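Worksheet: one structure, shown below.
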Amino acid sequence: MAYDRSEPRNALIFKIGSIVVLCLIGVKLGLDSYFVSVNEAVAAEKLPATHEPLVQLREGEQKHLTQTGMPITAAMAELAKSRPADLAPQPSEDLGPLTGWSKAPKKALAVPSSGELAACKASAGHEARLAQEKELQKHGGSLSFNDIDFVPGTDKVDGTKPSSAAALQELVAFSQGCPELTFDITGHTSKEGAADKNLKLSEQRAVAVKKALVAAGVRESAIGATSGAGSTKPAVAEPDPDSEEAKKLGPEKLEALRNVNRRITINVTKHCP
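According to the working numbering, the sequence shown is numbered sequentially starting from 4.
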């Protein structure tokens, strides 16, 4: 068996490799040039027939920005002369590209006050309440109004509290949702006092609310039955007045529970079409 023991032809290999690399570079340059020309041709086809002035304007802009030492403000003024007022370049007040976000002026974060937070929460709750009333008008159901406050032990609406007037006005607006809407009114009390007196008081309060609505312009035929449930249908569990559980809760928490149970409930008997 014969072996080729001649020296490798390094010079020839180097030449061939160089020629291949140069050819590849030439092919790449040719393809780049081809794609550039194709893109320019496509862009030219999409331009309107009167694009020459636009091309000249663009070339002039490039010349002003790249081939002179004119300040940018002066260049903008020159460009504005050849353009309509609404297309004239305007200086930007955005410092981000120039200084970076870390160097931009820092503004203290505005922290809302407790009053603003409470107002925001109340507004959100009011919007949710209105949405709930809209659903009630369309599909029926029942809804409680525990913001209608009465003078303790009586059926007289407490006019000194703005919340009572606002709740009555809200109920008036609900009542006038459509001509077909009808509903019943039921009064509820807390567990304070005797059960029979609470039952009678809740009936009287339901009648008082009906009279207030009619006086405010609600048609009387929209209001059906008025009744009282006393403390038999609480919205939340409430301990008996003299029980150990009531003593453990304390006066404030106990009163909060009672305020939830002291309410007027409306039950839609005919909803809007």
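In this text, a Cβ means the ideal position worked out from N, Cα and C, and glycines have one as well.
Because the structure is a prediction, the values reported are computed rather than measured.
According to DSSP, residues forming a beta bridge with residue i
i    : result
K273 : T185
I267 : F148, G190
V212 : Partner(s): none; V212 has no beta bridge.
G231 : G190
I226 : F186
V160 : F153
Straight-line Cα distance separating residue j from residue i
i    : j    : result
F38  : L32  : 10 angstroms
L146 : L257 : 23 angstroms
A14  : D35  : 32 angstroms
P165 : A197 : 29 angstroms
L202 : K236 : 11 angstroms
G290 : S246 : Shown here, the chain extends from 4 to 276; a query on residue 290 therefore has no answer.
Whole-number beta carbon distance between residue j and residue i, since they are thought to touch under 8 angstroms
i    : j    : result
S205 : A232 : 6 angstroms
I226 : I188 : 6 angstroms
V221 : V175 : 6 angstroms
C-beta atoms of residue i and residue j nearer than 8 angstroms
i    : j    : result
L260 : E241 : yes
E136 : P276 : no
D158 : A211 : yes
A290 : S230 : Because the chain here runs from 4 to 276, residue 290 falls outside it and cannot be looked at.
C181 : Q207 : no
A134 : L171 : no
Close-in-space but distant-in-sequence residues of the same chain around residue i (CB under 7 angstroms, 5 per side omitted)
i    : result
W104 : Note that W104 has pLDDT 47, beneath the 50 cutoff, so the model's placement of it is unreliable and the number below is only indicative. For W104, where only same-chain residues beyond five positions count, there are no Cβ hits under 7 angstroms.
K194 : S234, E241, D243, P244
R265 : N149, H191, T192, S193
Sequence-distant residues of the same chain with beta carbon closer than 6 angstroms to residue i, five excluded per side
i    : result
V217 : E223
T185 : A225, G227, T272, K273
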